[in-house]
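Chains as they are written, first to last, in my numbering: chain A, -3 to 280; chain B, 1288 to 2087.
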């Protein structure tokens, strides 16, 4: 449980970090809270030549509202900081999910940017950001780009992020009053990761039906995804239970020693239904 | 502080040290010029070793030495407890070498060791070792391993069978089964578990070239036994040339009883380096791959009886998975410690058990908290539920009908406790099972359970209740039994203690038992404080070093309080008697006239004419005025061999709620009424019960070591092996009945394992009960949401 040897540098600024990543040519990894990367390094499953520590870059921390009403969450904002943030407090699904992410140490050290960059197929934050239609701001020494979260994840531990890019910010839509949100998960007890985790944002009822529905699912496929068939069914007027049955449409459902394909498919639907119901209940 | 703390909830004196980080575990010990060892482990479950090239590793930075199996001149590790002893039953024995030479039998078996200046360098160098393997087909399931065509692990073990052993009356049991009104048959899997002590194992070897002596610091439950086994069986070094020291041990649960390959490795490594100390600390992944696992039985159960609830016979055939090679007492666990107590607290006239010990391509299996008795309790307590459900009788009522009656003791059970014991009489000496059961059922609200079930149903939950009325055998045991041919492990099981009284009246106790978190430093001080009438603060308890403690067999099998404490009481009695004789001399009275009350020694009828224990110690230790023939100093050693085991019992009741949609099980209440006899420190007893109960619940609901078919350990870390967390559990509701053990002066029985022995079956029974409306008769553990949900789908839905 000791990592292979690596070089360590503490970045003095964002530009410094980006320059170091650019010159390392893929041999470097950025480290923030280290809650995902360090365990992999201790098992020697990850063995970067260099760690570029971005943990102290104040410019990447904190939550603020953008002029257009959206909310910017700095990549280094920790789970615990998100939980206690006065702006983010209004996002019901964050309040549901964050207290159950990892343990106190993970929540104190783990960051939103790190969670997304790591792209674990079962971590909670990606599902939440998918349901919120978040945007990921990524920067390299070459350029900055804004990536819709819906096109960010490509597979297990794989995303569109380049080796020389850092996530600097995650942008959330400003809270709207006519939707409710919730997060429901069934956890794999050993790791605490989700066997099926579902984030739902639903609302805008026009008297005949729900006009807005976004559902993010984690733990089920090879990467977190938007359950488009569920959303379509909800907006199309199907009952929530009928809609939830589409939770894994078009998805190759994962199977492991904790949950096989049949069970995971089933509980994905159960959690979709529970998240939808809880989100609607929050509408009051 | 009051003098007499016996039976009081005294705070543990070791906790200040252990909780504040001032404990001293093996990894805290840093010796000058210490080198570090890392062990290369096989990635294959079964393979021939073609060759090992260490040349590159030797050139790596900091590398001092690289060893492979051929470099190690020692014997294979010992296996000390064959099934059936040497009474003619064949055990096809294969034990590990310090490092494998020709083949590997499980993923994680050691094949090479690197010694380097730092642990990091040692680990880096492991990656430079090239091992040529010829992979072979593997088998991990004990039943499948015995079938025709299964991969064969050892030439001397056809069909991978270590032994085929049986107890009980075969013909009588068959006749009883044939004649029964009802016979219920069920296959039961008691899954493999990974024990998970908080501190992994580790050791430091130190060879002294000046004296040709070896010292090893080891995280072990049994330093004296390890010295004996290393000397006599492994290294060929005389016993007086080896010193074993177990410093603070951070949990063990049985895993640290045994002789492991790293002991001879670090000792030889130190010798090869001319006497530099060599430390090896086990990583958590290594702990999962290379330290013993527990349980892993497949049992075919038949329970037979009458429609009025009387159980007339139990017949089992058990396949016990013992791993790729045998651990130190692996075969003893599923035989003596399992089948001999299979009928538990019931008066079942016919019991017959066949046990097949089996090699598979998995790490060795040996004693894990409860060791055989949790497996036995699971079988008999599932049997009681299955039988009750089959005849449509209340499950508690069936147990009540079959309990050994309070006037039925001493009771010799039919699985041969008393018969194969080489002259020792092992029998269940005491018990009173109904009051404990009634109390537990009352606390759990058993009478109103149907109403509670209906209320839960209205919330979408299925409530289930389960009980486990267990019998434990503790304080193993008389040496003439456990050392008997055909029964035990050819060694004794007595215990020892030494008490020295300094001239200031302060007392040092050394003992042969070995704590690993139980609080012995507190409980021994409570006992001896009581015996000598002195405050606990005047007593220090020392242990764990073969140099300075009397020989003892260590701590496991819940034996310390019943066997070890009794040795200490005997030593205290010797101290008291000598003090009394000296008091008589000081007071110029005859010994017969000296009475002792607490620390006061006085002339009968004249309590004012007295000497205190401290005054006596001072005078006798100085011995300026010792009477003719009396040796100076108060220093006494006692050895104690118990005439019988002790027999704790009780009833645990679990209430669970099953979520119909997901199959998730919530343990909503847990009630335990235990009878562990008298208590030295009720707070420590509660703590032992808490820990044991939770470990047993873990088996029922969450834990399971999973190997792939080709022998990869899929549950290879805490990311995939679910140890219980406090937040998953309700408050544990504990109560007691007290039936003192008649075999020791304290009337104590032992409690280290009781919780783990009882709780697994209670929770499993509760979940099976919750699923009764679905027509479920039995589910194997762990009762994960997937297992439970699938069972609910296999029927058309709730019948009621």
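Glycine included, C-beta positions come from ideal geometry on N, C-alpha and C.
A quick note: this is a predicted structure, and the numbers were derived from the prediction, not measured.
Of all alpha-carbon atoms in B/1748, B/1311 and B/1864, the one lying nearest the alpha-carbon of residue 1944 of chain B is that of B/1748. Taking a beta-carbon distance threshold of 8 angstroms, residue -2 of chain A counts as an interface residue toward chain B.
When secondary structure is reduced to three states using DSSP, residue 1821 of chain B falls in the coil class, being assigned neither helix nor strand. With a beta-carbon spacing of about 5 angstroms, residue 1647 of chain B and residue 1432 of chain B fall inside the 8 angstroms limit used to define contacts. Contact check for residue 1659 of chain B and residue 1624 of chain B: beta-carbon distance about 3 angstroms, within the 8 angstroms limit, so the pair qualifies. Listed along chain A are 254, 255, 256 and 259, each with a C-beta nearer than 8 angstroms to that of residue 2073 of chain B.
By the C-beta criterion, the region 1529 to 1536 of chain B is judged to be in contact with the region 1830 to 1848 of chain B, since at least 3 inter-stretch pairs fall below 8 angstroms.
For the pair residue 1828 of chain B and residue 1812 of chain B, the CB atoms are nearer than the 8 angstroms cut-off. In the pairwise beta carbon analysis, the region 1692 to 1706 of chain B is classified as not touching the region 2066 to 2083 of chain B: fewer than three pairs are separated by under 8 angstroms. By the Cβ rule, the region 1494 to 1505 of chain B does not count as touching the region 1324 to 1333 of chain B, because fewer than three pairs are nearer than 8 angstroms.
Contact of residue 95 of chain A with chain B is not assigned, every C-beta pair being separated by 8 angstroms or more.
Annotated as distal: residue 2052 of chain B and residue 1729 of chain B, with beta-carbon spacing of 8 angstroms or more.
In the DSSP assignment, residue 1979 of chain B is bridged to no other residue.
Taking one beta carbon from each stretch, the region 1558 to 1571 of chain B and the region 1478 to 1495 of chain B have 3 or more pairs nearer than 8 angstroms; the two touch. Within the region 1389 to 1470 of chain B, complete alpha helix (DSSP H) segments of at least 4 residues are found at 1406 to 1413, 1429 to 1432 and 1457 to 1466, given in chain order. By the 16-neighbour rule on beta-carbons within 10 angstroms, residue 1485 of chain B is exposed. With a threshold of 8 angstroms between beta carbons, residue 1647 of chain B makes no contact with chain A. Put simply, the backbone Cα of residue 1339 of chain B is about 30 angstroms away from that of residue 1446 of chain B. For residue 1785 of chain B, the enclosing beta strand (DSSP E) has its first and last residue at 1782 to 1788.
In summary, the residues of the region 187 to 203 of chain A whose CB is separated from some CB of chain B by less than 7 angstroms are 187, in the order they occur in the chain.
According to DSSP, residue 188 of chain A shares a beta bridge with no other residue. Within the region 1980 to 2009 of chain B, the residues whose Cβ lies closer than 8 angstroms to some Cβ of chain A are 1989, 1993, 2001, 2002, 2004, 2005, 2006, 2007, 2008 and 2009, listed in chain order. Here the alpha carbons of residue 1982 of chain B and residue 1735 of chain B stand approximately 29 angstroms from one another. Contact holds between the region 1754 to 1762 of chain B and the region 2039 to 2059 of chain B, because three or more Cβ pairs, one in each stretch, are under 8 angstroms apart. Within the region 1552 to 1574 of chain B, the residues whose Cβ lies closer than 8 angstroms to any Cβ of chain A are, in chain order, 1570, 1571 and 1572.
A direct Cα-to-Cα measurement between residue 124 of chain A and residue 1957 of chain B gives close to 36 angstroms.
For residue 233 of chain A, the closest C-alpha among the options A/215, A/249 and A/200 is that of A/200. Two segments are said to touch when three or more pairs of C-beta atoms, one from each, lie closer than 8 angstroms; by this definition the region 1553 to 1561 of chain B does not touch the region 1439 to 1457 of chain B. Of all residues in the region 1931 to 1950 of chain B, those with a C-beta nearer than 7 angstroms to a C-beta of chain A are 1948 and 1949, reading in chain order. In the three-state scheme derived from DSSP, where H, G and I count as helix and E and B as strand, residue 1838 of chain B is classed as coil. Along the region 1485 to 1519 of chain B, the alpha helix (DSSP H) occurs as fully enclosed runs of 4 or more residues at 1510 to 1516, listed in sequence order.
In the structure shown, residue 1869 of chain B adopts helical secondary structure according to DSSP, grouped into three states. For residue 1894 of chain B, the enclosing beta strand (DSSP E) covers residues 1893 to 1899. If you draw a straight line from the Cα of residue 1603 of chain B to the Cα of residue 1663 of chain B, it is about 10 angstroms long.
In this structure, residue 1717 of chain B sits near residue 2029 of chain B, with a CB-CB distance shorter than 8 angstroms. Within the region 1989 to 2076 of chain B, the runs of alpha helix (DSSP H) at least 4 residues long that lie entirely inside it are, in chain order, 2041 to 2057.
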